[in-house]
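See below for the structure under consideration.
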């Protein structure tokens, strides 16, 4: 769409209203040609403004889209980790601890889970920051789902 505007802008920039390239104007007054050229000049400026605004908006929306994608990916990773942790805790609660090696293995897994939680905390904070930044741009209905 922006390329269409840019192409039209280029077309307008190269288009001049005069009797040499528009014979139908030869019967009209020179002031008519001047008026058309002024109108074209205004149109060119409007097209340049629209194109610049669209490019700015595209960059902004692309950045928002990338942040949203990052949020969704991180959120999905957290959901997976929580599901894994739930499975682990379920297995621990049902486990029979008949021997020292089994207890040591459970302790090792618990320590690893604790380390995961420590490393997950900054990720959760980052996801929360991104979510708060994005919330102001989403509709209230979508914001409630998130």
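Residue numbers (the numbering used here): 113 to 258.
Glycine included, C-beta positions come from ideal geometry on N, C-alpha and C.
Opening and closing residue of the alpha helix (DSSP H) in which residue i lies
i, result
"residue 217", "212-247"
Nearest candidate by alpha-carbon position, reference residue i, set the options
i, options, result
"residue 240", "179, 221 and 149", "179"
"residue 189", "248, 246, 235 and 245", "235"
"residue 191", "232, 173, 170 and 174", "232"
"residue 155", "211, 248 and 120", "120"
"residue 177", "256, 243, 253 and 145", "243"
"residue 230", "174, 193 and 181", "193"
Other residues of its chain near residue i: CB distance less than 7 Å, five sequence neighbours each side excluded
i, result
"residue 220", "none"
Status (buried if at least 16 other CB within 10 Å, exposed otherwise) for residue i
i, result
"residue 337", "Residue 337 is absent from the model: the chain starts at 113 and stops at 258."
"residue 212", "exposed"
Cβ shell of residue i (< 8 Å), same chain only, five flanking positions each side left out
i, result
"residue 238", "186"
Other residues of its chain near residue i: CB distance less than 6 Å, five sequence neighbours each side excluded
i, result
"residue 150", "none"
Three CB pairs or more closer than 8 Å across the region 180-199 and the region 220-237: Yes: the two stretches touch, three or more of their Cβ pairs being nearer than 8 Å.
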